[in-house]
Every structure is written in C-alpha cells, then in structure tokens.
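For reference, the structure discussed in these notes is given below.
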Amino acid sequence: MPRFTARQLAQMVGGRLVGPADVSVQNVRALELAGAGDLAFLRTEARKDDARRCSAAVLVTPQELEHYAGTMIVCEDPGAAMAAILAAFAEARFPAPEGITRLASVSPSAVLREGVAVGDFAVIGEGSEIGAGAAIHSQVCVGRDCRVGERTILCAGVKVHDGCVIGSECLVQHNAVIGSEGFGFLQREGRQLKVPQVGTVRIGDRVQIGALTTVDRATLEATVIEDGAKLDDNCHVAHNCHIGPDCVIAAGAMIGGSVRLGRSVILAGDVAVKDHVSVGDGAIVAAGSGVHRDVAPGEVVWGYLIRPLAEQRRIFALLGRLPEMAQKLRRIEKELDALRRRPEGQP
Amino acid sequence: MPRFTARQLAQMVGGRLVGPADVSVQNVRALELAGAGDLAFLRTEARKDDARRCSAAVLVTPQELEHYAGTMIVCEDPGAAMAAILAAFAEARFPAPEGITRLASVSPSAVLREGVAVGDFAVIGEGSEIGAGAAIHSQVCVGRDCRVGERTILCAGVKVHDGCVIGSECLVQHNAVIGSEGFGFLQREGRQLKVPQVGTVRIGDRVQIGALTTVDRATLEATVIEDGAKLDDNCHVAHNCHIGPDCVIAAGAMIGGSVRLGRSVILAGDVAVKDHVSVGDGAIVAAGSGVHRDVAPGEVVWGYLIRPLAEQRRIFALLGRLPEMAQKLRRIEKELDALRRRPEGQP
Amino acid sequence: MPRFTARQLAQMVGGRLVGPADVSVQNVRALELAGAGDLAFLRTEARKDDARRCSAAVLVTPQELEHYAGTMIVCEDPGAAMAAILAAFAEARFPAPEGITRLASVSPSAVLREGVAVGDFAVIGEGSEIGAGAAIHSQVCVGRDCRVGERTILCAGVKVHDGCVIGSECLVQHNAVIGSEGFGFLQREGRQLKVPQVGTVRIGDRVQIGALTTVDRATLEATVIEDGAKLDDNCHVAHNCHIGPDCVIAAGAMIGGSVRLGRSVILAGDVAVKDHVSVGDGAIVAAGSGVHRDVAPGEVVWGYLIRPLAEQRRIFALLGRLPEMAQKLRRIEKELDALRRRPEGQP
C-alpha cells in the first residue's frame, strides 16, 4: 500500500498546506466516504458543504474551508492536482510488470530494448521492435515487423497485426485489436469480391486505445491516429481513417472508412461517423449523433442526423409539440371552412 | 450424449406425465424439427396447432393436447420447465472443465479452492483467490489480488484487472474485460490530462457478463454490478456505474460514467445512457433509446431522446404525417390569403 | 518484399499493357503518393486528372491516358483488377503461418488435416477437426467437437465454443467470439431465470467475421451464417439468427435474436435489428437505422425507425422546417382570429 504525507502531496502538486503537514494517507476516497488515513478531493466549490462534513485526513481543495477539521492542500487547479496524485497512487496500486517471463514466445529476431516487460503467453513476432520500458502484458500478440514505442503499455490480450506501428507512452487496453483487416468489398454479380487490405496502422505518442476497440489497417497506406488522441472502449476505427492529435473519442464510436478528424475533436459517447466525412479542428459532436456530413472547425453538432446544437435542441422540443400542432391544424381547417361558408353580412 | 426418460424429465420439472413414461430422448429440438428421440417444448398455446403435428417423442406442454401422439409432460410453467431441462442438457453437452492444466501460469501466492479448473495458457496473478468449483478457462487472465467466487465461470480469453472482485455463480463470457481503466481526462491547454483511475470493479453473485463486454474500473471507489444482473454481449459499463440487482441489459448497451440503474431495470438492445443519469427500479428502456435524463421507477421510455413510450409512439406516427402537415399549412395560407382579399359583400 | 513486373500484373488481371512491360514494382500506393517502384490504381475516371500527374511506375486504369508517363495496364474493371493484385501483395506482405508450434495445446483426439498451421498458445479441444490448409493463429481457442473448414483463417485471440462449425475459406478476425451463450432469460418473481442455450453456430464457406464480433449460439438449433456473408468489426449476431448468403454487414451492427436476413442483404454501419425481424433478399438498410419491422425484398430503408428511403429523406428535411411551421401556425391562428372578428362590411 502506498503512503504519502500531506507535505509530500503538497509538494507533488505545488499546493499550499493548511494544517499538520505530517499526517499521512494510504488511500484516496470519495468525498463522502473518506475517513482517517484517506485523501479526498474537492474539485469544485459546488460541493463545499459536503467537504465541510468530510472526515478525510487530507483534502485537496481550491480554497481554504472554515469548518473542515483535517489538513488542506489548497490548489488553484484541484483537477490537475488530482490527476498528479492519482498517478502516484496508480503506480503503487497497479505495479508495472517486470522482466520477460519464460512463458512468452519472443521471436529470436525481435528486438526488445532495455527494461521491456513481457507477460505470460505473450507472442512477439519476427522482426518486431519493442521500445525501452514498454510493457507487453500476458496473452498479447504482436505480429511481425511491428514497432512499439518506449514506455507503451499493451494490456492483456491486445492483438497487433503485422507491420503496425505504435508510438511511445501509449496505453492500449485489454483485448483491443490494432491492424485487423479493413472491410473492403466490391459487389460483382451478386457476390462480394474482397479487396485485400495491404496497408497498416500508425499510432502516435501518448495515445490511449480502450478495451475491445478495433483499429483497422488501411487499404494501401496507413490508418493514422495522431499524438495524444484518446479512444475509449468498444470503439471502431475503420480503414484509412486519420484521427487528429488530442482527439477525445468516447465509448461506442463507430468511425467509418476514410474519415478525417482534425485536432482536438471531441466525439461524445455512441457517435457514428459516415465514410469519408471530415470533422474540423476542435469540433464537438454530442452523444448519440450520426455524423453524415462534414463538420466545420469548432462546430458543435448533435442529432440522429447532425445539425448545429441549438437548432437541433429547438427541433427536439418541437417534436414534443407535434401532437398539439396536428390538433391545431385540424381546428384551423374547421374554422377556415366555417369562415368560407359564412354568408356575407352575418357575423 | 445425454439421455433422459420422460419420467426423469417430468420429475425434474414437477410435471404430469401423459403417455409412456419410459420413452427416452437424447436431444432437444425446435417444435417443427423434433422427431424420434427428441424432446420439444410448447411454451404458449399460440403454437398448439404446430404441436399437434409435432413428431417429438416427448413434449413439454402447458395443457394436454388431443392429437399429439407422443408422451406429454404437462406443466403449469413450460418456460420454467424448459429452463430446468435445458440446464441438464447443457451440463451434458458442454461438460465443465476439470483440473488445473500444467500449461497455465498460476502465481504461487494465488489461492485456488477445491475443485477449481484452470485451462491452458490461463494466468492467475499474485494474491488472487479463486472460489471452490470455479472454472477459469483457457487464455483467461486474472490479475493480482482479485477475488473470483465459487462456481463462477470465466470463459476463454476473459481479462480481469488487478484487484477486481467477482461473486459466486457468475458467468463472464469470452473475451469480456473486467476492470479496464475508466475514461477520465481533463482538458488543459488543448491537451488531455489523464486522471488515472485507481478504483476497482465489484460484481455480485449470479451475474452474467456477455462476450466482448467491458466493465471499467472506478476512479476512486468501485464500479458495482449487483447480484443477479445480466448483461449481454458487446456492452460497455463506464467507470463509477452502479448496476442494480437483477437488471437485464441487452446487447450493445453503452452505459456512461457514474450511471445508476436501480433494481430490475430493463435496457432493451442498443441503448445508450448518458453520464450521471439515474434510472429507477423496474424502469424499462425500449430498444435503441438514448437515455439523456433520469428515468422514474417503473417508467417505460423510448426514443432517440427518451419520452414516455405512448407519447413517443404518437410522435413517431406524426412524423410520418409531416409531409401532409406541411402541405396543409401551405393550403391554409393560400385560403387565408383569399379570404383576406375577399371584398365585402361577395361570396 | 514482393516484386512484380508490369507483364506479370497484366497477365494476372487480363489487362492490356501500354508501355514498357519489364518495369517492376514492389509496392502498391495511393495515386497521389505513388512513385518509382510503385503501382497505383485509377478506379474511376473521376480522378483522371490526378492520374495524369501520378508518378507511379505502373498504373491500372480503365482507359489509356494521354499524359501519363509510366506503364499502363488497361482493364475493363480496375476494381476487380485491384482486388486480384492486392491479393498477391497481401500474400507476400502477410505470409501465412506454417507448421504447428510446440507451444500450442492440441488435444490428442483433435484431427488436423494436411498443412494446418497452429500458432503459439492456441488451444484445440477434444474431437475438433481442422481442415487442410487452415491457419489457427496464436492464442485462438477452438473448443471441443468443432469443425473448421479448409483454408479458413482464425486470427489471433479468436474463441470458438464447443460444437461450432465454420466452413472453408473463412476469415474470422482477431478476438472475435463464435458460439458465446445466447441471452435467454425469463422473468419469474422479479428475478431472471436463465434459459441455457444448448444450440450451436453454423458458418458457411467464404464467410468473413470482423474483429471483436460476437455470434451467439442458438437456444436449441443453430445460429446460421450462410456462404459468402461478410461481417465487419464490433458486430453482434444474437441467438437463432439466420444470415443469408452474401450479406454485407458493416461495423457495429446489433442483430437481435431470431432475425432472418435474406440473400445479399446490406446493412450499412451501426444498424440495429429488432428480435424476430425478417429482411428480404437484396434489401438495403442505410447507416444508423433501427429495423423494428420486416423489410421487403429489395426495399431500401432508413431511419431511427425505418421507412422507405425517399420518404425518410423528406421527413428529415421537414424536421429542419419545424420551427418555421410552428411559427406559421401561430401567425395563422392570429390571422384567423382577426378575420373572425372582422365586422361585416369592412375590409
């Protein structure tokens, strides 16, 4: 179990200490559950009242609180402080694997740089190169002629097809698949003629790929995921896509072939993007959307068929008024009829 | 091959025998395909006519049929009888694995209780405990310090991350992932700052998790799936969710972070639930719905943006009448115009 | 690296050579990126101008181009030519595995026909039979009593449950699951009573199953996927489905229980099909659709609740005019009111 003093934590995040500096914590817990020996976070002032009642030994907070009894670490950005502190706890709680187990199958022609860890029943194919400090967990399969960058982690069960390239400091989560064959068929005489996909996948640095996510290889060139992009679980990136740097793609995204996402695009949960669509830098696609057309840089869109967010909201509200509108139409028709029949000279 | 006599089956389900008791069956088949040596089920009277023509040796039926030639097992609840009988056939058809293969990697510090089976190339990490009679199939990876309950089955390729807890009599299907890292990022200066997830997953008893389903671990505490909940294939349960007892979640559900489902909630196929939403006990969400707001206990909702089922149905029907409504509006405008111009004193 | 001369390639596809026949290529590249030593494809005349500027050594083209400097292979169907040529490159780039590794676990009672390859840490269960030339990649698990046809490829991590049958020349991609248990439950006294699924999965010849796709086994009989059907990644085929020959099912399809798809049905990306629905031969379901009702042969449907494509398009266009329609209604009501109040004899 990790153990940190309030002083250590404050130094870690550049925070101001209020209260005893030597109190130590072993655990990070939710505000309402934290007790002695625990650290908690108050990330926004909205929960200030909960924080006052909090029994955590140490609290990271954006401002000094009057009625809180423990030690405070006052930080300008408690979110960022939380990220840094959790990284320290994560390292202690989920220790990195070490060494190369004798139960793995590593090709004699594979190159494993310094400090690479390889788990049980992992396979590393001919000519592949694994960067220094990378962790290839149990039951991972890295095909032939792959490149995996420094300090990248491939979690248990990940499969990387021949020739794929993954950068440094990436995290590819359990059972994800990199480099499966893109879905390319031509219809000829009622049958499907397969177009074999001879391209590859190229993933940049600091990319995260969620569990059970597929990234298909390109037809000829490369399906590309640029530096810093983050993909959640159960997503699909089809052949020939280009995902820009620092994109955030939440769970369940189905991204069609040859789609281009610019820099820092956000796809909220369960979004589908049609083949060949282009989404501009910084665009945001709200949850559940179907992106059937290009999206301009910075545009915020939503809907089964996307529209600008505000417009779509209005339409959805009006859908709820459709029954009333239909009724009004019926009433108007009757009244018009009555008016039309009204003999002149009578009210 | 299993072989059961009509007498054995009738006893198994507490049914009343009509016809020869010693006839035996080796197979269970669909009503229209069953023949000599087969058992069939008539679950509802709706298919009574099919049952009369059925050539099955034995038929489980809610009532005695006049023209059926084989042996009948008359049961008040043929569905429940079917469940019991199929369990017996399943045991014979898919025999449980036995013993601990020498091709697995079991940490010396792991504790395997009596009757645990471990398949080829499975990994069980340091300090993990596997309950009596549990089956850890081939290529499963159970991390460090996990708990797997009695008689729980982890099918081939399942991955369980360090520290996760799975109860008794659970079934986790092939290649499912328990305890992948939740998707937590803060945007800072256009980049994604990772919030490491140091929590865990806690799954109760009699839970079923489908193939290729992900259950992410919590940020600080636990993502919880309570006793008796059933999740289908290709689902995603994000970090910090709480899935209540006896929920039924059909395939393709994408459940956002910190979602709470009450007791016996039903999500039909392909439902998405937004972060932080709460769904009350016994609520039913129809197929394909997007749950963007809380759902009251017992509420039945549907739609891209959910609404009460009846309301949504009316709206969908009216959508089909939109072209007609638009036309009416045009006609009304013209008529109004004509009326407005109508000189006084003329029809 | 493969190397083909223009003459070899022209023979391979029955094309007409224009230019030097002995020039050779080692790589296939995109039209705009190809250079010396590369082959490129001009599939439609739409990109004729790009092709003229193309520096590829060899170009496959539907017609002779005036200003292109390299060797042309003129083909009536450049798409089909591309498919054939890419197959040759794929074979060279992704060489088939050979032999049976000593790191696999093959049951003594399993039958492996001539030329079967088995990768590291693969498992082949009792009584299973693997057809000649099939490739069982690393970490695949084939259960007991399965049949895998000739030249079929099971990519790394695929799991096939006991008793399933896969035909010849199939490709099942990484971590896909064949034969997971169908999702069958009856509600009894607020709890879920499991209906064990004792059926199987039967897959025909030339079928492709995408990475991370699940095909559940049937309750009693077989979930069937007929010859030539192609399924993309992250799809789900529930118990008792029958997928007709030559269907094309794009990524993310969620196909409910007992669904029947006819011959050559196309489901575009992210389609959901409700339990028990029937889709006729040659029907096309557009992307993102929810198929809640039967679809006639040849019908083209679309929408959250499917409708004929043209009708749905009109409705979606009218949705954008809902705000305007609501406004018109308000104006009409006012005008009517004014008309109704208009005293006789005044304009």
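Residue numbers (the working numbering), protein chains in the order written: chain A, 1 to 347; chain B, 1 to 347; chain C, 1 to 347. No residue lacks a Cβ here, since even glycine has one placed at the ideal position from N, Cα and C.
Report the CB separation of residue i from residue j in whole angstroms; it is logged as a contact under 8 Å.
i                : j                : result
Glu221 (chain B) : Gly199 (chain B) : 5 Å
Leu17 (chain B)  : Ile73 (chain B)  : 6 Å
His137 (chain B) : Leu154 (chain B) : 6 Å
Ala90 (chain B)  : Gly182 (chain B) : So it is not a contact: roughly 35 Å between Cβ atoms.
Arg217 (chain B) : His161 (chain B) : 6 Å
Thr152 (chain C) : Cys170 (chain C) : 4 Å
Val60 (chain C)  : Ala81 (chain C)  : 5 Å
Val123 (chain C) : Asn175 (chain B) : Not a contact, Cβ separation roughly 14 Å.
Ala6 (chain B)   : Val23 (chain B)  : 5 Å
Ala84 (chain A)  : Ile100 (chain A) : Not quite, the Cβ-Cβ distance comes to about 31 Å (not below 8 Å), so this is no contact.
Met56 (chain A)  : Gly79 (chain A)  : For the sequence presented, residue 56 (chain A) should be read as Ala rather than Met. Incorrect: roughly 17 Å between the Cβ atoms, too far for contact.
In this structure, does DSSP put residue i in helix, strand or coil?
i                : result
Ser129 (chain A) : One point to set straight first is that residue 129 (chain A) is Glu, not Ser, in the sequence displayed. Of the three classes helix, strand and coil, the one that applies to Glu129 (chain A) here is strand, per DSSP.
Gly143 (chain A) : coil
Val116 (chain A) : coil
Gly179 (chain A) : strand
Arg341 (chain A) : helix
Phe89 (chain C)  : helix
Val207 (chain B) : coil
Pro347 (chain B) : Residue placement at Pro347 (chain B) cannot be trusted, given a pLDDT of 46 that sits under 50; the coordinates are not used to answer.
Ala250 (chain C) : coil
Ala80 (chain B)  : helix
Gln192 (chain C) : strand
Ser425 (chain A) : With chain A running from 1 to 347 in the structure shown, residue 425 (chain A) is simply not present.
Thr223 (chain C) : strand
Phe121 (chain A) : coil
Arg151 (chain A) : coil
Leu65 (chain A)  : coil
Phe4 (chain A)   : strand
Phe94 (chain A)  : coil
Gln173 (chain B) : coil
Ala57 (chain B)  : coil
Thr213 (chain A) : coil
Ala135 (chain C) : strand
Taking the straight line between their C-alpha atoms, what separation do you get for residue i and residue j?
i                : j                : result
Glu98 (chain B)  : Gly269 (chain A) : 42 Å
Val58 (chain B)  : Ser289 (chain B) : 42 Å
Gly14 (chain B)  : Val207 (chain B) : 27 Å
Asp233 (chain B) : Ser278 (chain C) : 22 Å
Glu324 (chain B) : Ala326 (chain A) : 10 Å
Pro347 (chain B) : Glu335 (chain C) : Residue confidence is low: Pro347 (chain B) scores 46 on pLDDT, short of 50, so the model does not pin down where it sits. No coordinate-derived value is stated.
Ile315 (chain A) : Trp302 (chain A) : 11 Å
Ile306 (chain C) : Ser168 (chain B) : 42 Å
Phe121 (chain B) : Phe94 (chain A)  : 22 Å
Val271 (chain A) : Ala272 (chain B) : 10 Å
Pro297 (chain A) : Val248 (chain A) : 15 Å
Glu311 (chain B) : Ser264 (chain B) : 23 Å
Cys88 (chain C)  : Asp38 (chain C)  : Checking the sequence, you will find Ala at residue 88 (chain C) rather than Cys. Taking the straight line from one Cα to the other gives about 14 Å.
Val165 (chain A) : Val172 (chain A) : 12 Å
Leu318 (chain B) : Ile332 (chain A) : 18 Å
Arg52 (chain C)  : Ile225 (chain A) : 31 Å
Cys241 (chain A) : Leu193 (chain C) : 44 Å
Ala40 (chain C)  : Arg202 (chain A) : 21 Å
Spell out whether any CB of chain F is found under 8 Å from the CB atom of residue i.
i                : result
Lys194 (chain C) : Of the protein chains in this structure, namely A, B and C, none is chain F.
Residue i: beta carbon under 7 Å from a heavy atom of the ligand MN?
i                : result
Asp227 (chain B) : This structure simply doesn't include the ligand MN, nor any ligand for that matter.
- Task: Go through the stretch 256-337 of chain A residue by residue and report every complete run of the beta strand (DSSP E) that reaches 3 residues or more, in order.
- Result: 300-302
- Take every Cβ of the stretch 244-263 of chain A, pair it with every Cβ of the stretch 205-215 of chain C, and state whether three or more of those distances are shorter than 8 Å. no
- Are at least three pairs of beta-carbons, each pair with one atom in the stretch 154-171 of chain A and one in the stretch 46-57 of chain C, less than 8 Å apart? Output reads no: the stretch 46-57 of chain C does not touch the stretch 154-171 of chain A.
- Task: Please specify which runs of the beta strand (DSSP E), each continuous and at least 3 residues long, are wholly inside the stretch 6-52 of chain B, giving them in chain order.
- Result: 16-18, 38-41
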